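Colleague: Chains A and S, in that order, are what the protein sequence lines are.
Under the numbering used here, think of the first position of the first sequence as 1, with each following residue one higher.
Under the numbering used here, think of the first position of the second sequence as 454, with each following residue one higher.
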Amino acid sequence: MTGSDRAYIRTRLAANEPPPTRAGPFHAIVQGLFSGPLNIAFTLFSIVAIAFAALPVVRFLIVDAVWQGMDASACQGAGGACWPFVQAKFGQFIYGTYPEALRWRPDLVFVLGALLLAPLLAPAAPLKRINALLFFGIYPIVAFVLLTGGNLDLRHFLIGRLTAWNIFGSATTAGLSWNFWSDYVATAFLVAVLVEVGAALLGARARKASFTALFVFAAVGAVVLAADLDFGLEPVETRSWGGLMVTLVVAITGIVASLPLGILLALGRRSEMPLVRLASVIFIEFWRGVPLITVLFFATYMLPLFLPSGVSVDGLLRVLIGVALFSAAYMAEVVRGGLQAIPKSQYEAAEALGLGYWQTMSFVVLPQALTIVIPGIVGNFIGLFKDTTLVLIVAIFDLLGQLRAAFADPAWASPVTLYTGFAFAGIIYFVFCYGMSRYALSLERRAAVAGGR
Amino acid sequence: MPATGNANAVAIELTGVHKWFGQFHVLKDIDLKVMRGERIVICGPSGSGKSTLIRCINRLERHQRGRILVDGIELTDDLKRIEEVRREVGMVFQQFNLFPHLTVLENCTLAPIWVRKMPKKIAEETALHYLARVKIPEQAGKYPGQLSGGQQQRVAIARALCMNPKLMLFDEPTSALDPEMIKEVLDAMVALANDGMTMLVVSHEMGFAREVANRVVFMDAGQIIEANEPKEFFDHPRHERTKLFLSQILH
Numbered sequence: 001m002t003g004s005d006r007a008y009i010r011t012r013l014a015a016n017e018p019p020p021t022r023a024g025p026f027h028a029i030v031q032g033l034f035s036g037p038l039n040i041a042f043t044l045f046s047i048v049a050i051a052f053a054a055l056p057v058v059r060f061l062i063v064d065a066v067w068q069g070m071d072a073s074a075c076q077g078a079g080g081a082c083w084p085f086v087q088a089k090f091g092q093f094i095y096g097t098y099p100e101a102l103r104w105r106p107d108l109v110f111v112l113g114a115l116l117l118a119p120l121l122a123p124a125a126p127l128k129r130i131n132a133l134l135f136f137g138i139y140p141i142v143a144f145v146l147l148t149g150g151n152l153d154l155r156h157f158l159i160g161r162l163t164a165w166n167i168f169g170s171a172t173t174a175g176l177s178w179n180f181w182s183d184y185v186a187t188a189f190l191v192a193v194l195v196e197v198g199a200a201l202l203g204a205r206a207r208k209a210s211f212t213a214l215f216v217f218a219a220v221g222a223v224v225l226a227a228d229l230d231f232g233l234e235p236v237e238t239r240s241w242g243g244l245m246v247t248l249v250v251a252i253t254g255i256v257a258s259l260p261l262g263i264l265l266a267l268g269r270r271s272e273m274p275l276v277r278l279a280s281v282i283f284i285e286f287w288r289g290v291p292l293i294t295v296l297f298f299a300t301y302m303l304p305l306f307l308p309s310g311v312s313v314d315g316l317l318r319v320l321i322g323v324a325l326f327s328a329a330y331m332a333e334v335v336r337g338g339l340q341a342i343p344k345s346q347y348e349a350a351e352a353l354g355l356g357y358w359q360t361m362s363f364v365v366l367p368q369a370l371t372i373v374i375p376g377i378v379g380n381f382i383g384l385f386k387d388t389t390l391v392l393i394v395a396i397f398d399l400l401g402q403l404r405a406a407f408a409d410p411a412w413a414s415p416v417t418l419y420t421g422f423a424f425a426g427i428i429y430f431v432f433c434y435g436m437s438r439y440a441l442s443l444e445r446r447a448a449v450a451g452g453r
Numbered sequence: 454m455p456a457t458g459n460a461n462a463v464a465i466e467l468t469g470v471h472k473w474f475g476q477f478h479v480l481k482d483i484d485l486k487v488m489r490g491e492r493i494v495i496c497g498p499s500g501s502g503k504s505t506l507i508r509c510i511n512r513l514e515r516h517q518r519g520r521i522l523v524d525g526i527e528l529t530d531d532l533k534r535i536e537e538v539r540r541e542v543g544m545v546f547q548q549f550n551l552f553p554h555l556t557v558l559e560n561c562t563l564a565p566i567w568v569r570k571m572p573k574k575i576a577e578e579t580a581l582h583y584l585a586r587v588k589i590p591e592q593a594g595k596y597p598g599q600l601s602g603g604q605q606q607r608v609a610i611a612r613a614l615c616m617n618p619k620l621m622l623f624d625e626p627t628s629a630l631d632p633e634m635i636k637e638v639l640d641a642m643v644a645l646a647n648d649g650m651t652m653l654v655v656s657h658e659m660g661f662a663r664e665v666a667n668r669v670v671f672m673d674a675g676q677i678i679e680a681n682e683p684k685e686f687f688d689h690p691r692h693e694r695t696k697l698f699l700s701q702i703l704h
């Protein structure tokens with residue numbers, strides 16, 4: 001069409017053509033790395049930088065490393081890693097001082113966890129609901145019983161503490177204390193009656209409320225019952241747990257507990273009910289305002305001072321709760337970021353269809369909000385995983401703690417022991433954190449496809 | 454106006470409704486009675502409160518004075534009543550507001566399954582039925598982001614219909630669409646009108662108003678200025694403001 005044309009009419013429609021490409025495997029490399037002087041300079045600089053950083057690492061870990069030996073003498077003059085040290089201390093790094101004869105129990109927990117987690121994470125695997133129920137509902141109880149040996153030493157429930165409830169003495173059946181469980185059942189019915197009366201006075205649906213209370217008692221009771229049964233397993237105190245096992249227990253409990261808690265806190269902070277909002281804000285700001293070390297110290301050394309005498313909570317459990325609440329506060333703020341990114345029109349569309357608050361949140365808002373903040377959530381998970389090393393200062397010996405303990409062994413004193421140990425720990429932490437990171441990336445891609453973006 | 458005298462035939466009744474956004478008096482003394490099966494088009498300049506008016510009918514906005522009865526239920530702060538009304542009132546938005554993370558089919562079945570407690574299979578059959586009615590059954594497996602604007606808006610209409618509503622609200626349903634797509638959406642709305650659905654449509658599509666409306670309501674500055682049958686309204690507008698408005702949009 002030239003400038004002099006006043007009118008134009010197309011006589012033939014243009015056909016679709018493939019885009020122009022220059023074929024050849026080297027084209028992409030040349031285009032990407034050597035397309036111009038600046039690019040070439042960057043490429044050369046990167047190669048040199050990588051060589052400087054990577055070569056010494058490879059030399060230390062592989063080329064100059066000592067691979068065989070019975071004690072430190074093999075590593076005395078070594079210029080590389082002393083792998084026999086890791087080999088000799090491997091059990092300690094993984095299990096701490098967990099009795100050697102019973103290590104099949106944590107092994108079984110590891111294997112079960114991996115078997116349940118892998119299909120849960122794989123998008124294509126079937127039976128997601130049953131799988132999730134097994135992993136989040138049944139597995140923790142099984143893991144608890146296997147790791148601790150189960151058979152909790154329960155004597156009194158609520159009534160027993162307030163009165164002189166002691167009908168059955170110390171009678172037990174299959175590890176279950178008659179005193180405790182009769183107390184539990186009585187308390188459950190007492191609470192149910194109180195709830196029914198209270199609900200009736202408030203004009204709510206009394207029968208439904210009392211059944212709900214009984215149901216909650218039954219559900220909690222079933223979990224505690226499973227943990228209280230005597231399976232004939234030798235008890236192992238959490239004090240003798242250690243190594244990677246503790247790292248994983250703390251990290252996974254923290255991760256699994258912090259996400260739902262964080263979501264609830266984030267919703268609470270955006271709630272229209274002033275009291276709920278205030279409580280959420282106070283909770284979040286309190287836990288974000290104190291360092292994790294303080295939380296751990298408080299949980300370990302100060303909390304027992306506030307508890308009534310005779311009540312003792314396991315040291316590791318206290319740390320677990322502290323870590324979970326701490327990370328929940330951070331998670332809440334990440335989730336809130338996602339919630340704020342969802343336009344008001346999505347809420348309105350859901351409301352206009354008659355969906356209630358929880359339905360709107362669970363089917364419309366949260367799926368979108370959580371997808372947006374996957375990078376933030378995983379960032380928190382990774383941070384939490386590495387922060388578990390702080391439990392060392394409250395005398396819980398996780399992987400890093402066991403490592404430091406192993407350094408003190410004179411039989412393995414050599415110039416490279418320290419570097420070898422930290423390299424080993426670094427590799428393990430890296431594998432877990434990088435794994436989470438990659439998985440999150442694949443999740444994001446899937447979400448992007450689903451969102452048509 | 455068809456006054457049947459039967460109280461059941463009233464779909465919506467607004468009496469002396471006022472609303473403020475902060476200091477701004479956005480709705481002033483609105484009286485409007487919509488009979489069942491009636492189709493009303495509301496027009497007016499932007500900022501005249503017409504969107505706010507229909508958003509009050511399913512309580513996306515809260516009115517501060519006056520009474521709103523929808524299908525005999527008065528809208529108050531009672532959440533149960535609000536949800537009851539919302540189940541019976543379908544709404545179509547200017548920006549479609551589909552759920553981007555759900556497929557077209559899932560968009561249509563979400564509320565029937567969870568609000569109407571419909572079995573999944575029946576909900577899907579219903580959804581496919583209405584998707585066929587708006588002429589896009591083949592898009593059921595796609596995500597909203599993969600559809601054109603016109604297709605998205607037709608999905609939004611189908612999604613609202615899947616709840617089997619007694620009346621439908623349309624908030625400028627064609628304003629965000631390319632000219633070529635407006636017709637397909639209007640066709641779906643005309644078909645709906647021909648089936649006897651009670652409809653309240655905020656729109657500037659005067660052709661649509663002439664064709665299907667029983668009444669055209671003109672609003673300005675938060676008030677209803679004039680309401681009449683479409684032929685009278687367009688051919689013999691009485692209020693000066695109406696004449697000015699019509700002269701500007703009908704050339």
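We put the beta carbon where it would ideally sit given N, CA and C, even for glycine.
Since the structure is predicted, the reported quantities are computational estimates derived from the model, not experimental observations.
#1: Please name the residues in the region 324–353 of chain A whose beta-carbon is closer than 7 Å to at least one beta-carbon of chain S, in chain order.
#2: Taking the CB atoms as reference points, tell me whether A:L316 and A:T238 lie closer together than 8 Å.
#3: Could you confirm whether any beta carbon from chain A is found closer than 8 Å to the beta carbon of S:Q592?
#4: Please confirm whether S:M454 has its beta-carbon closer than 8 Å to some beta-carbon of chain A.
#5: How should S:K503 be labelled, buried or exposed, when 16 other C-beta atoms within 10 angstroms of its C-beta is the threshold for buried?
#6: Whose Cβ in chain A lies nearer than 8 Å to the Cβ of S:R607?
#7: Considering just the uninterrupted stretch of the beta strand (DSSP E) at A:L307, what are its terminal residues?
#8: For the beta strand (DSSP E) that contains S:Q548, what are its first and last residues?
#9: For a contact meaning CB atoms closer than 9 Å, what does A:P367 contact in chain S?
#10: Look at the alpha carbon of S:F477 and the alpha carbon of S:M672, and state the distance between them as a whole number of angstroms.
#11: Which residues in the same chain as A:A234 place their Cβ atom closer than 7 Å to its Cβ, once the five residues preceding and following it in sequence are excluded?
#12: Find the nearest neighbour of A:P56 within the set A:A74, A:G79, A:P37, judged by alpha-carbon distance.
#13: Report the CB separation of S:L614 from S:I465 in whole angstroms; it is logged as a contact under 8 Å.
#14: Alpha carbon to alpha carbon, how far is S:N560 from S:I507? Give it in angstroms, no decimals.
#15: With the cut-off set at 8 Å, would you say S:L485 and S:I678 are in Cβ contact?
#16: Straight-line CA distance for A:A124 to A:R446?
#17: Tell me which residue opens and which closes the beta strand (DSSP E) that S:N681 is part of.
#18: Any idea if A:F85 is buried or exposed, counting beta-carbon neighbours within 10 angstroms, 16 or more meaning buried?
#19: Output the distance between the C-alpha atoms of A:I141 and A:Q402, rounded to the nearest integer angstrom.
#20: If you compare alpha carbons, which of A:V378, A:W104, A:A174 is closest to A:E444?
#21: Mind checking S:R512: buried by the 16 CB within 10 Å criterion, or exposed?
#22: So is A:G356 in contact with chain S if we call contact Cβ pairs under 8 Å?
#23: Distance, Cα to Cα, A:R288 vs A:L384?
#24: At least one CB of chain A closer than 8 Å to the CB of S:L630: is that the case?
#25: In three-state terms, what does DSSP make of A:T43?
#26: Got a sec? Which residues, its chain only, sit under 7 Å from A:F93 by beta carbon, not counting five neighbours each side?
#27: DSSP three-state label for S:W473, please.
#28: Between which two residues does the beta strand (DSSP E) holding A:T212 run?
#29: With the cut-off set at 8 Å, would you say S:A424 and S:V494 are in Cβ contact?
#30: First and last residue of the beta strand (DSSP E) that includes S:V655?
#31: Go to A:M331, then tell me how far its alpha helix (DSSP H) extends in each direction, as first and last residue.
#32: Per DSSP, A:G96 is paired with what?
#33: DSSP on A:S345, reduced to helix/strand/coil?
#34: Please classify A:Y434 as buried or exposed, where buried requires at least 16 other C-beta atoms within 10 Å of its C-beta.
#35: Nearest to A:I456 by CA position, among A:W83, A:P343, A:F286, A:P37, is which residue?
#36: Using a C-beta cutoff of 8 Å, does A:V364 count as contacting chain S?
Modeller: With the given structure in hand:
#1: Taking 7 Å as the Cβ-Cβ cut-off against chain S, the residues of the region 324–353 of chain A that qualify are S345, Q346, E348, A349, E351, A352, L353.
#2: Contact: yes.
#3: For S:Q592, the answer is no, since every Cβ of chain A falls outside 8 Å of its Cβ.
#4: Unreliable placement is indicated for S:M454, whose pLDDT of 41 sits below 50; no coordinate value is reported for it.
#5: With a 10 Å radius around the Cβ and a threshold of 16 neighbouring Cβ atoms, S:K503 comes out buried.
#6: Ordered by position in chain A, no residue passes the 8 Å Cβ test against S:R607, which lies about 15 Å from the chain.
#7: First-last for A:L307: undefined, no H or E at that position.
#8: Here S:Q548 belongs to no beta strand (DSSP E), and DSSP marks it neither H nor E.
#9: Think of a sphere of 9 Å around the beta carbon of A:P367: the chain S residues whose beta carbon falls inside it are F552, H554, L555, in chain order.
#10: S:F477 and S:M672: Cα-Cα distance of roughly 16 Å.
#11: It is worth fixing the name first, because residue 234 of chain A is Glu in this sequence and not Ala. Result list for A:E234: L102, G149, in chain order.
#12: Just measuring C-alpha positions, the residue of A:A74, A:G79, A:P37 sitting nearest A:P56 is A:G79.
#13: Taking C-beta atoms under 8 Å as the contact rule, S:L614 and S:I465 fail to qualify, at a distance of about 18 Å.
#14: C-alpha separation (whole angstroms): 23 Å.
#15: No, Cβ-Cβ distance for S:L485 and S:I678 is not below 8 Å.
#16: Their backbone Cα atoms lie some 12 Å apart in a straight line.
#17: Looking at the DSSP string, the run of the beta strand (DSSP E) that includes S:N681 is 676–681.
#18: Answer is buried; the Cβ neighbour count reaches 16.
#19: Here the alpha carbon of A:I141 sits roughly 26 Å from the alpha carbon of A:Q402.
#20: The shortest C-alpha separation from A:E444 is found at A:V378.
#21: Note on S:R512: 16 or more other CB atoms within 10 angstroms of its CB, so buried under the neighbour-count rule.
#22: Yes - at least one Cβ of chain S is within 8 Å of the one on A:G356.
#23: Distance between the alpha carbons of A:R288 and A:L384: 13 Å.
#24: Output row for S:L630: interface = no.
#25: Correct three-state label for A:T43: helix.
#26: So the qualifying residues of the chain are G243, L244, L399, Q402, L403.
#27: The answer is strand: DSSP assigns S:W473 an E or B state.
#28: In this chain, A:T212 is not harboured by any beta strand (DSSP E); it is covered by the alpha helix (DSSP H) spanning 206–228.
#29: Outside the displayed span of chain S (454 to 704) sits residue 424 of chain S, for which this structure offers no information.
#30: Unbroken beta strand (DSSP E) run through S:V655: 651–655.
#31: Looking at the DSSP string, the run of the alpha helix (DSSP H) that includes A:M331 is 315–340.
#32: BP columns for A:G96 point to A:W241.
#33: The DSSP-derived three-state label of A:S345 is helix.
#34: Using a 10 angstroms sphere on the CB of A:Y434, the tally of other CB atoms stays under 16, which defines it as exposed.
#35: The shown model of chain A, from 1 to 453, leaves out residue 456 of chain A, and the question about it has no answer.
#36: Yes, because at least one Cβ of chain S sits closer than 8 Å to the Cβ of A:V364.
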